[in-house]
Structures are given as structure tokens and as C-alpha cells.
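In the UniProt record's numbering, the protein residues as written are 1 to 481.
Beta carbons: idealized from backbone N, C-alpha and C, even for Gly.
Only one structure is covered here, and it is reproduced in the block below.
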Amino acid sequence: MDKEIDIFQSDREEEFERDSSDPPDEDQRDSSEQEVGWGSLLDMCLRHIFEFLEDRDRRSAQLTCRHWHHVMRSPSLWRSRYFNFTGRHSRHRPSEYSLAVPYARSLGVYLQTMEVWVVPPRKPMMARRLEQTISGLLSELTRVRAPLHTMYIIKLELDKTQWTSSQRASIVNNLVAFFRRGGLSLTSVCLYGMQNNLAHGLDLLSALVYSQTRLSPQNFISTLDLTKFFSSSVHVHSNFHIPHFLGHLKSLTNLSLSYSCLSDQLLAALQYRPHRQNQQPSRDRGPLHTLALRCSWNEHHEHTVSGSSWTSLASTCPGLKVRFDVDQIIDTNRLARFLLPEIPLTGFTMTAFYSIDSEWSARPVLLDLLPQYRRSLQYLTLDLSNCSEPLDEELLQLVELCECLQDLRVWAFLDISTVARLLHIRLTRRRLLNKIIVRIYSLNGNTEEGEEQLEEIMSSYPQLPPELDFSARVDPSYDLV
Numbered sequence: 001m002d003k004e005i006d007i008f009q010s011d012r013e014e015e016f017e018r019d020s021s022d023p024p025d026e027d028q029r030d031s032s033e034q035e036v037g038w039g040s041l042l043d044m045c046l047r048h049i050f051e052f053l054e055d056r057d058r059r060s061a062q063l064t065c066r067h068w069h070h071v072m073r074s075p076s077l078w079r080s081r082y083f084n085f086t087g088r089h090s091r092h093r094p095s096e097y098s099l100a101v102p103y104a105r106s107l108g109v110y111l112q113t114m115e116v117w118v119v120p121p122r123k124p125m126m127a128r129r130l131e132q133t134i135s136g137l138l139s140e141l142t143r144v145r146a147p148l149h150t151m152y153i154i155k156l157e158l159d160k161t162q163w164t165s166s167q168r169a170s171i172v173n174n175l176v177a178f179f180r181r182g183g184l185s186l187t188s189v190c191l192y193g194m195q196n197n198l199a200h201g202l203d204l205l206s207a208l209v210y211s212q213t214r215l216s217p218q219n220f221i222s223t224l225d226l227t228k229f230f231s232s233s234v235h236v237h238s239n240f241h242i243p244h245f246l247g248h249l250k251s252l253t254n255l256s257l258s259y260s261c262l263s264d265q266l267l268a269a270l271q272y273r274p275h276r277q278n279q280q281p282s283r284d285r286g287p288l289h290t291l292a293l294r295c296s297w298n299e300h301h302e303h304t305v306s307g308s309s310w311t312s313l314a315s316t317c318p319g320l321k322v323r324f325d326v327d328q329i330i331d332t333n334r335l336a337r338f339l340l341p342e343i344p345l346t347g348f349t350m351t352a353f354y355s356i357d358s359e360w361s362a363r364p365v366l367l368d369l370l371p372q373y374r375r376s377l378q379y380l381t382l383d384l385s386n387c388s389e390p391l392d393e394e395l396l397q398l399v400e401l402c403e404c405l406q407d408l409r410v411w412a413f414l415d416i417s418t419v420a421r422l423l424h425i426r427l428t429r430r431r432l433l434n435k436i437i438v439r440i441y442s443l444n445g446n447t448e449e450g451e452e453q454l455e456e457i458m459s460s461y462p463q464l465p466p467e468l469d470f471s472a473r474v475d476p477s478y479d480l481v
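Structure (C-alpha cells):
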């Protein structure tokens, strides 16, 4: 199976040898004249073309002539790689192991960007195949010291019961080994959805810090995504190791976390302290630029973080942008506990599907909580199943209040006329609002009438500003009611 991916395994130079003793006939001369255009292409042009070819086509192209064979060896063609691992077995295509591991073995020395998307296993056999593939891939990357700048490993979900403890340990240990021995060039790491237990998560963070502080790395990690890094059952915010590790990532400018990791101690550790003012070697290479927090219903978020901690962080990191992604937290008191006015909030995303019988209302969020950020909020996304309460006036009032709003995306039960009123606000008061996406849920599933009303409204605006990206439509809502 290695032959499927190692296109450099055999030069096959005999296919390029020509017999100079036999003069070309007339047909051959005509053919060579037609091919001279491709044969004379500059290496730079060929590399650009080859970038768009799949592996099978690259293998064919490199056998065309010596020139193409030489160009196909260019490291620039092999610096980026995307893997999608499912753990499924198929008789009609090579195994995921036979594609990924030989690639890392022969071409890993060129690899700078790697994205691995994992479909979480539904059966123990799928988990076993995934573990073999991922562990083998990481082991080869460590062995060849792959110069990775960007590494994404997404949605492993190691807390699923299909994984055995030895499989979890194997994946974590191989990733730790890569960070400790081969992660010297990393600038961006994403481990979204890994869902580790506490011990494995701390081992990985320790290895990241080790690579940044002990090995004199060529680069420093500036972007780190640890959203859903720990299992939802783990109480992370009270663990003192988390602030210690993250505080020692000196060049961190973009950080994504689950809210369950947040604490006053962590916000203190993330403060920017120039070296001359800092007695400990942490956070002295530059201030934090963005902090993205995700708060989900199934994670621990009962703890509180003080407003003074947010004030201190914002004062040491001028220009800090904080984004909140709230998923199914339909409790106004809990929302108020972490949506504090001291937060420099620039982005807010909320998904709230609640039944007709629910006592919760989205009005306090739109009328009381979000207006606290009217001078900072730039991005607002709402997906609400508000079939039992109209929110048109509250939404329009919020849009009018937010002075810096640039991007508005709404999925909700709204009146069709709200679209026209939104456009009027944009054209008369909110010139910065240059992206508006509205999806109006329809109760009866019949979208025809609503679409006709939308067309009539849009006919009144034949020439919207060219900088405005606007979209509106009516969607059925079978799954929401």
C-alpha cells in the first residue's frame, strides 16, 4: 500500500529514455510541436498547476517527462495536507493508515500545515483503526521531525466509551512525543473537541510548554484552540495547573477555550507583563489579542469570574477582543453571571432552542445583557426558536443601540416586515453594518408566501450599497417546534 502514496519511490528513468539513433517520423514531429508549449512551461507555472492535482494525478504527471518529474519533487507542493479519518473499512479504497503513514514517512519532512478531522467512532473496531492511524501518523511525523507550523486535530472525542484506555493513552503519548521532540516550528495548534480526562490534558499542555520554554524553538505558538479540550465531566476551572501552563506560552495572541476552564487565576496569568516588570518568565512577548470562549449546557459553568479580573486583563492587553459562543444556556441568571459589563465583548453567538412551554424568554438577553456592549459589539449571531414570543422590536432596538456592529446573522421567528426595517436602519444609521443574514423560520412549513413578501420588499431596494452583503429567506421549522 505504500506505493499508493510514495510517488518518489521509483524514478522510473527508463520511461524517460529515448533512442537517439531512430530519427522521429513526421507524426512524431507534429506531436512534439504540439507538446512544446507544456514542455517549455516555467517551473513556477508547473508548481502552481500541480498544487491543484490530487495524489493520483500527481503520480501520473511526474511520469510525463524528466522536467515534470523534477518539478514534482519541489517541497512547496507537499507543505500542506488534509486528512479525514473515519475508522471505516472499505474494499474499494486504500485504508486510511496506508494513505497517512507512508505520506508522513516520505513527505513529512516538507509538511508545514496539517489538518486532521476525525469522525468520532461509533464502534470499538472503528476506534481501533483510528488509534492505529493517528498514532502511526504522529509517530512518523516525530521521527522525521516534520517542520509543522500549523497543526489541527479536531473532534477526537476521547471520552467516548468506544475508546479503550490504552487507545486513549497511545494517542496522547504520541502527541506528547511530537510536541516534546518535533514541535519546534509550531505557531498554531488546534485540539478542538479532544475531550481529554484531566491527566491526559495536563500532560499535553505540559508538553506544549516544554517545547516552548526548554527546546529553544524556531517559532512560538501564537494561536491555540482548546475548545472542548477537556471532557465535559471534568472540573477544570479549579485546577491551578491550567493558569500555570497557559501563562508560560509567551507569544500567545489568540486563545480559544471552553468557559469551564476560565478562572480569576487564568485571567491573571494571561495578563501581558513586559519582562522588565515581570519577575517570572511568562506572557512577556506580546499582549493577548483575541479570547474566544464557548459555554455549553453540558459543561461546568456554575463558577463565577470577577469583573475586576476582566478589567485587569483588558488594561494590560489594549485592544483585546473577547468572543462568547453560548450553546443552549437558557437561564438568564446564569447568563448574567458570566456576561459581565467589564468584558471587552466584540462577538456574541447564541443558540437557544426552547419549547413553547418553557418559562425562559430571550428578551432579557436582548434588552438588558447585550446592550452593555453597545460600544464594543461587532459580531452578533442569534439562532432562536422563539415561536411563542415575538422578538422583532427587541432585535431592532438592539441593532440601533450597537454603534460598532458590523456583522449580523439571525435565525428566528420574525415578521417579514422586520427585514425592511433592518435595511432601513442599516442605510440610515448603521453604515458599518455590512453583513446581514436573516433566516426567518416559518411555523406552518409553507415558505412560498413569505418568499413572495420578501421579493416585494427587496424590489424596493434595487441598488443596495456594494459593500453590503445582504441575504434573507424563509426557512421551514419542522425540528424547532
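When DSSP labels each residue in this structure, what does residue 347 get in the three-state scheme?
Here residue 347 refers to the residue found at position 347 when the sequence shown is read from its first residue. DSSP places residue 347 in strand when its eight states are reduced to three.
Whole angstroms is fine: what's the gap from residue 24's alpha carbon to residue 190's?
Along the sequence shown, read from residue 1 onward, the residue named residue 24 stands at position 24. Along the sequence shown, read from residue 1 onward, the residue named residue 190 stands at position 190. Unreliable positioning characterises residue 24 in this predicted model, as indicated by a pLDDT of 47, which lies under 50. A coordinate reading is not provided.
Mind checking which residues open and close the alpha helix (DSSP H) that includes residue 268?
Numbered from 1 along the sequence shown, position 268 holds the residue referred to as residue 268. Element bounds for residue 268: 264-269.
Helix, strand or coil, according to DSSP, for residue 166 in the structure here?
Start at 1 with the first residue of the sequence shown, and residue 166 comes out as number 166. If DSSP states are grouped into helix, strand and coil, residue 166 belongs with the helices.
Is residue 134 near residue 85, with beta carbons less than 8 Å apart?
Mapped onto the sequence shown, residue 134 falls at position 134. Mapped onto the sequence shown, residue 85 falls at position 85. It is a contact, given that the beta carbons lie within the stated cut-off.
For residue 139, name the three-state secondary structure that DSSP assigns.
Counting from one through the sequence shown, the residue named residue 139 turns up at place 139. Helix at residue 139.
Between the Cα of residue 142 and those of 211, 165, 416, 160, spot the shortest distance and give me the residue it belongs to.
Counted from its first residue, the sequence shown places residue 142 at position 142. Nearest option by C-alpha distance: 211.
Taking 7 Å as the cut-off, is the beta-carbon of residue 412 closer than that to any non-hydrogen atom of the ligand FAD?
The ligand FAD is not among the ligands present in this structure, which contains no ligands whatsoever.
Please state if the CB of residue 291 and the CB of residue 322 are separated by a distance shorter than 8 Å.
Here residue 322 is taken as the residue at index 322 of the sequence shown, counted from 1. Here residue 291 is taken as the residue at index 291 of the sequence shown, counted from 1. In contact: residue 322 and residue 291 (Cβ atoms closer than 8 Å).
In chain order, which beta strand (DSSP E) runs of at least 3 residues are fully inside the region 342-423?
Taking 3 residues as the minimum length, the beta strand (DSSP E) runs contained wholly in the region 342-423 are 345-352, 379-384, 407-412, in order along the chain.
Given 8 Å as the limit, is there contact between the region 256-264 and the region 299-313, that is, 3 or more CB pairs closer than that?
Yes, the region 256-264 is in contact with the region 299-313.
Could I get the ranges of all uninterrupted beta strand (DSSP E) runs contained in the region 74-159, with 3 residues as the minimum, in chain order?
80-85, 113-118, 150-154
Whole angstroms are fine: how far does the CA of residue 358 sit from the CA of residue 250?
Residue 250 sits at position 250 when you count from the first residue of the sequence shown. Residue 358 sits at position 358 when you count from the first residue of the sequence shown. The straight-line gap from Cα to Cα measures roughly 46 Å.
Would you be able to state if there are at least three C-beta pairs under 8 Å between the region 431-440 and the region 386-406?
yes
Assuming residue 325 and residue 349 form a contact by the criterion Cβ under 8 Å, report the distance between their Cβ atoms to the nearest whole angstrom.
Counting from one through the sequence shown, the residue named residue 325 turns up at place 325. Counting from one through the sequence shown, the residue named residue 349 turns up at place 349. 4 Å between Cβ atoms; contact.
Just confirm the distance between the C-beta atoms of residue 331 and residue 351, as a whole number of angstroms; I'd bet it's less than 8 Å.
Indexing the sequence shown from 1 puts residue 331 at position 331. Indexing the sequence shown from 1 puts residue 351 at position 351. The Cβ separation is near 14 Å, so there is no contact.
Buried or exposed: residue 199, going by 16 or more other Cβ atoms within 10 Å of its Cβ?
Translated into the one-based positions of the sequence shown, residue 199 becomes position 199. Result: exposed.
Could you tell me the alpha carbon to alpha carbon distance between residue 474 and residue 354, rounded to whole angstroms?
Taking the sequence shown and counting its residues from 1, the one referred to as residue 474 is at position 474. Taking the sequence shown and counting its residues from 1, the one referred to as residue 354 is at position 354. Distance between the alpha carbons of residue 474 and residue 354: 20 Å.
Check each candidate in 398, 443, 442 and name the one with the smallest Cα separation from residue 421.
Against the sequence shown, residue 421 aligns to sequence position 421. Here the closest residue by C-alpha is 398.
Does the Cβ of residue 102 have 16 or more other Cβ atoms within 10 Å, making it buried, or fewer, making it exposed?
Against the sequence shown, residue 102 aligns to sequence position 102. Buried, by the Cβ-count rule.
Could you tell me the distance, in whole angstroms, from the CA atom of residue 185 to the CA atom of residue 252?
If you number the sequence shown from 1, residue 185 lands on position 185. If you number the sequence shown from 1, residue 252 lands on position 252. Distance from the CA atom of residue 185 to the CA atom of residue 252, rounded to whole angstroms, is 14 Å.
Is the beta carbon of residue 179 sitting closer than 8 Å to the one on residue 207?
By one-based count along the sequence shown, residue 179 stands at place 179. By one-based count along the sequence shown, residue 207 stands at place 207. Cβ atoms of residue 179 and residue 207: closer than 8 Å.
Just list the beta strand (DSSP E) runs in the region 179-240, keeping only unbroken ones of 3 residues or longer that don't cross its boundaries, in chain order.
The region 179-240 contains these whole beta strand (DSSP E) runs: 188-190, 223-226.
In this structure, how does DSSP classify residue 290 when only helix, strand and coil are distinguished?
Here residue 290 corresponds to residue number 290 of the sequence shown, with the count starting at 1. The answer is strand: DSSP assigns residue 290 an E or B state.
Buried or exposed, going by whether 16 or more other CB atoms sit within 10 Å of the CB of residue 62?
As a first step, residue 62 must be located in the sequence shown, where it is residue number 62. Buried: at least 16 other Cβ atoms inside 10 Å.
Can you tell me whether residue 320 is buried or exposed? The criterion is at least 16 other CB atoms within 10 Å of its CB, across all chains shown.
Counting from 1 along the sequence shown, the entry for residue 320 is found at position 320. Flag for residue 320 reads buried.
Taking Cβ to Cβ, would you say residue 176 is nearer than 8 Å to residue 203?
The sequence position of residue 176 within the sequence shown is 176, counting from 1. The sequence position of residue 203 within the sequence shown is 203, counting from 1. Cβ distance < 8 Å, so residue 176 and residue 203 count as in contact.
Would you report the Cα separation of residue 47 and residue 72, rounded to the nearest angstrom?
Indexing the sequence shown from 1 puts residue 47 at position 47. Indexing the sequence shown from 1 puts residue 72 at position 72. One alpha carbon belongs to residue 47, the other to residue 72, and they sit about 7 Å apart.
What are the boundary residues of the alpha helix (DSSP H) that includes residue 499?
Since the first and last residues shown for the chain are 1 and 481, residue 499 lies out of range.
Would you tell me roughly how many angstroms separate the C-alpha atoms of residue 122 and residue 162, rounded to the nearest one?
On the sequence shown, residue 122 is found 122 positions in, with the first residue counted as 1. On the sequence shown, residue 162 is found 162 positions in, with the first residue counted as 1. The straight-line gap from Cα to Cα measures roughly 7 Å.
Going by CA-CA distance only, name the one from 297, 295, 289 that's closest to residue 315.
Walking along the sequence shown from the start, residue 315 turns up at place 315. The candidate whose alpha carbon is nearest that of residue 315 is 289.
Whole angstroms are fine: how far does the CA of residue 266 sit from the CA of residue 244?
Counting from 1 along the sequence shown, the entry for residue 244 is found at position 244. Counting from 1 along the sequence shown, the entry for residue 266 is found at position 266. When rounded, the distance between both Cα atoms is 8 Å.
Could you pull out every residue in the same chain whose Cβ sits closer than 6 Å to the Cβ of residue 107, ignoring the five residues on either side in sequence?
As a position in the sequence shown, residue 107 is number 107, starting the count at 1. Counting only Cβ-Cβ distances below 6 Å, and skipping sequence neighbours, we find 78.
According to DSSP, simplified to helix, strand and coil, what is residue 272?
For the purposes of this step, residue 272 is taken as residue 272 along the sequence shown, with counting starting at 1. Taken through DSSP and simplified to helix, strand or coil, residue 272 comes out as coil.
Taking residue 439 as part of the beta strand (DSSP E), name the residues at either end of that continuous run.
Walking along the sequence shown from the start, residue 439 turns up at place 439. Its beta strand (DSSP E) spans residues 435-442.
From 209, 112, 258, pick the residue whose C-alpha is nearest to that of residue 230; which is it?
Walking along the sequence shown from the start, residue 230 turns up at place 230. For the residues 209, 112, 258, the minimum Cα distance to residue 230 belongs to 258.
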